[in-house]
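Written below as structure tokens is the structure these notes are about.
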Amino acid sequence: MEKELGERLGKLRKERPLVHNITNTVVTNFTANGLLALGASPVMAYAREEVADMAKVAGALVLNIGTLTAELVEACIIAGKAANEAGVPVLLDPVGAGATPYRTESSLRILREVKVAIVRGNAAEIAHLAGEVREIKGVDAGDGSGEASVELAVRAADKLGTVVAVTGREDVITDGKKGFIVTGGDELLTRVTGSGCLLTSVMGAFAAVEKDPLQAGAAALAWYGAAGEIAASAAGGRGPGSFQVALLDALAGLGEANVPKGVVRTLHISPVTGGGAR
Amino acid sequence: MEKELGERLGKLRKERPLVHNITNTVVTNFTANGLLALGASPVMAYAREEVADMAKVAGALVLNIGTLTAELVEACIIAGKAANEAGVPVLLDPVGAGATPYRTESSLRILREVKVAIVRGNAAEIAHLAGEVREIKGVDAGDGSGEASVELAVRAADKLGTVVAVTGREDVITDGKKGFIVTGGDELLTRVTGSGCLLTSVMGAFAAVEKDPLQAGAAALAWYGAAGEIAASAAGGRGPGSFQVALLDALAGLGEANVPKGVVRTLHISPVTGGGAR
Amino acid sequence: MEKELGERLGKLRKERPLVHNITNTVVTNFTANGLLALGASPVMAYAREEVADMAKVAGALVLNIGTLTAELVEACIIAGKAANEAGVPVLLDPVGAGATPYRTESSLRILREVKVAIVRGNAAEIAHLAGEVREIKGVDAGDGSGEASVELAVRAADKLGTVVAVTGREDVITDGKKGFIVTGGDELLTRVTGSGCLLTSVMGAFAAVEKDPLQAGAAALAWYGAAGEIAASAAGGRGPGSFQVALLDALAGLGEANVPKGVVRTLHISPVTGGGAR
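These protein sequence lines map, in sequence, to chains C, S and Y.
Heads up, the first sequence is in our numbering, so the first residue is -17 and it goes up one at a time.
Heads up, the second sequence is in our numbering, so the first residue is -17 and it goes up one at a time.
Heads up, the third sequence is in our numbering, so the first residue is -17 and it goes up one at a time.
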């Protein structure tokens, strides 16, 4: 996998894919700077008048419902349909799904009307989308212990008919039949607003250069985790403010010298149980 | 007071209250990261379809009119009423009140329709809300010299029927009958956009764990000032960019080791003058 | 020119002009902090109910279409007309003009309905506004090689009837008859989201204290380039996250000690060719 990780980052850096984000007001700057640092070309466009035009020329479209409004939901659907027609992969970050009925319903509506390639969320968000109630508090992550996350991701992928990534201490990405577990990262990622949102956009950047969403998603998870570790080492002791700055530096500094090793494990899913023996 | 300050921060860290912010687009990221650093759980939600659902499960609701629109004013009122019904404290930051009639009127409309626990602003903003004209330029603070601020805060609290915090070189918080003067902080706080907005949200976090708004507000002012001093010491010499990063680090690093000492003084208000002899 | 550069920054610091920005959600925080660091007084106001009131008391109005919506275009025009009536200079940043028809048309509509003092964009954006198609990808800059940029800027200034600044490796600012070429800056500026947007707002701050838009624009370009170099020297080796922080520090630290020298060259435009012999 190390070879593929290196190649995928190299391809991303070379092609500099345009990643169209319809995202929340909290994370726009951090997302754009994170994508730029990684080597992608971010664009934010929200108006119903232009989202289809932007989405169809993008390498990936990332929909994020963190501060959704009725207008934004419409924009997401218009952009999503245009992306679908143009063969542009669509990713969904259902920020805070379950925190209010509106977030859950809007996420599910997007999933019904748009063909989504990857949904990335924390365990609580994904559980709500899959119709399995879990406690959620605001938009923060549950910690997603490994075994439960695998089973949840598999069930959600089956139910939603899309690749699902459940991120937490360990990350799982699966289409319900196969997938990967990815380790790495740092606890400080949970202390930076929008670190999950940026991760979804990073997945979008990799999906723009790698057709298989499982492979693209695993590469994004692995490299993002590596950046988190590098940033924690560079600045973590000073606190979350310094870590956030260092994370952008680390994303820009990713390369052959720091290809993450041994962090991606193949997930073996038993067809009988539908569960997550690995 | 030192003991109480320590206990309140400890309670905040333990309970990790959900602070629902309806805030301006300039400061969303900084506010969210500041609350996370402090130990609270921030959420931003603006849509009329969901603000009531979010506000009623929050520990506090913070309304900030920094980049208000007609839709946001409606959202503030819907959320505020839901918070009132659920017993969730509501805080108001009237950013730039007086700079345009729309800001003053929208602030006063929120104050009429929602029971607000604490209003925090600079001297010019509070003077405008109290119907006392003062020069204001954009959304920046007047410097609020001590004596005048105390009297202004007392009059505004009487008139608005809420706890009022006037922040500046010295901070005053009062319900019109009693209150506190809080010192500390650093001049560099005035060089970071949204340092006042974040302070109001920090007050919200303390109000979520301490019912008395005067006590909660004083704790927030004291701890925030301490964080400002720590940040100035860590990075202030480099400039406001470094200071902003260091402020997030400092909020995360607050604890028993740096309980602010001697910064909170009880305010003695003469019932005859209504003024601020202390 | 060095003397004038020093005087203009001194005037800006002394007058602290209010710069009213109607800008995109990606860069609001960075723009506000950049203006504050420089010594200006930023305000963001978007509501149709208040933009005219704010614009007419501002020192400059900066319109940025980075995440435009129909409501924002209306707000830009209302604010622009109010600024025109009050004699307040209006600047336009046509972010991503050409990336979608909506952006191009909205930019041109603003230019038709509002008297704009300075338009600043990268070569692709300006070429699209001038009706000369160029490849554009998202909202990122073409690199704008010198000779071509000069000719483009001259043609665009003629066509649009305004001062045009085309920024890239070298910056050109011209009214079609005379102008300046400004060198300086650092490649890392292209790795920070909104560095161009902030530059337009910095031009607004200088335009608030210097009536001649060519002189104001040249001063802004020269000082911003100097800040970029200082920031790259302070933090560039660590990466774009650190550079962004250092850029704010550098803007605050500008002064007599680092007046940029020899970076502004007078542009000689041949009236026969309309081109850019210099």
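All C-beta atoms, glycine included, are put in the ideal place defined by N, C-alpha and C.
As the structure is a prediction and not an experimental result, all values here were calculated from the model.
With a threshold of 8 Å between beta-carbons, can residue i be considered close to chain S, or not?
{"i": "ASP153(Y)", "result": "no"}
{"i": "LEU(-6)(Y)", "result": "no"}
{"i": "ALA81(C)", "result": "yes"}
{"i": "ALA123(C)", "result": "Reliability of the predicted coordinates at ALA123(C) is poor, the pLDDT of 48 falling under 50, and the value obtained from them is presented with this limitation in mind. No, no contact with chain S."}
{"i": "VAL25(Y)", "result": "yes"}
Can you determine whether any heavy atom of the ligand NAD sits closer than 7 Å to the C-beta of residue i, and answer yes or no?
{"i": "LEU54(Y)", "result": "Inclusion of the ligand NAD in the displayed structure is not the case, the ligand content being empty and no account of it being possible."}
List the residues that DSSP assigns as beta-bridge partners of residue i.
{"i": "LEU43(S)", "result": "HIS2(S), VAL72(S)"}
{"i": "ALA37(C)", "result": "None; ALA37(C) has no bridge partner."}
{"i": "LEU273(S)", "result": "Only positions -17 to 260 of chain S appear in this structure, which leaves residue 273(S) out of reach."}
{"i": "VAL25(S)", "result": "HIS2(S)"}
{"i": "ALA337(C)", "result": "Residue 337(C) lies beyond the stretch modelled for chain C, which goes from -17 to 260, so this question has no answer here."}
Cβ of residue i less than 8 Å from any chain Y Cβ?
{"i": "TYR28(C)", "result": "yes"}
{"i": "GLU31(C)", "result": "yes"}
{"i": "VAL55(C)", "result": "no"}
Between residue i and chain C, is the shortest Cβ-Cβ distance under 8 Å, so that the two count as touching?
{"i": "ASP35(S)", "result": "yes"}
### Query
In chain order, what residues of the stretch 37 to 52 of chain S put their CB closer than 8 Å to some CB of chain Y?
GLY48, THR49, LEU50, THR51, ALA52
### Segments assigned alpha helix (DSSP H), at least 4 residues, entirely inside the stretch 95 to 178 of chain Y
105 to 111, 128 to 142
### Inter-stretch contact at 8 Å, needing at least 3 Cβ pairs: the stretch 59 to 74 of chain C / the stretch 25 to 41 of chain C
yes
### Task
Pull out every residue of the stretch -3 to 19 of chain C whose Cβ sits closer than 7 Å to any Cβ of chain Y, in chain order.
LEU0, THR7, THR10, ASN11, ALA14, ASN15, LEU18, ALA19
### Task
Would you be able to state if there are at least three C-beta pairs under 8 Å between the stretch 157 to 170 of chain S and the stretch 105 to 116 of chain S?
no
### Query
Can we say the stretch -10 to -1 of chain C touches the stretch 188 to 202 of chain Y, given the rule of at least three CB pairs closer than 8 Å?
no
### Message
So if I threshold CB-CB distances at 9 Å, which residues from the stretch 223 to 236 of chain Y count as touching chain S?
### Response
GLN226, VAL227, ALA228, LEU229, LEU230, ASP231, ALA232, LEU233, ALA234, GLY235
### Interface positions of the stretch 203 to 221 of chain C facing chain S (Cβ-Cβ less than 7 Å), listed along the chain
ARG220, GLY221
### Task
Please name the residues in the stretch 70 to 104 of chain C whose beta-carbon is closer than 8 Å to at least one beta-carbon of chain Y, in chain order.
none
#### Entry: Segment contact flag, the stretch 208 to 220 of chain C with the stretch 101 to 108 of chain C, C-beta cutoff 8 Å, min 3 pairs
no
### Task
Decide yes or no for the touch test of the stretch 47 to 63 of chain C against the stretch 15 to 22 of chain C: beta carbon pairs closer than 8 Å, at least 3 of them.
no
### Message
Along the stretch 161 to 184 of chain S, where does the CB come closer than 8 Å to a CB of chain Y? Name the residues.
### Response
ARG173, VAL174, THR175, GLY176
### Sequence ranges, alpha helix (DSSP H) only - wholly within the stretch 177 to 243 of chain C, length at least 4
177 to 189, 195 to 217, 222 to 235
### Query
Should the stretch 68 to 77 of chain C be called in touch with the stretch 187 to 196 of chain C, which here means at least 3 C-beta pairs below 8 Å?
yes
### Message
Tell me whether the stretch 73 to 88 of chain C and the stretch 178 to 187 of chain C touch, counting them as touching only if at least three CB pairs, one residue from each stretch, are closer than 8 Å.
### Response
yes
### Task
Could you say if the stretch 166 to 181 of chain S and the stretch 2 to 22 of chain Y meet the contact criterion of at least three C-beta pairs nearer than 8 Å?
yes
### Task
Count the C-beta pairs between the stretch -16 to -7 of chain S and the stretch 234 to 244 of chain S that are closer than 8 Å, then say yes if the count reaches three, no if not.
yes
### Query
With a cut-off of 8 Å, do at least 3 Cβ pairs link the stretch 225 to 234 of chain Y to the stretch 222 to 229 of chain S?
yes
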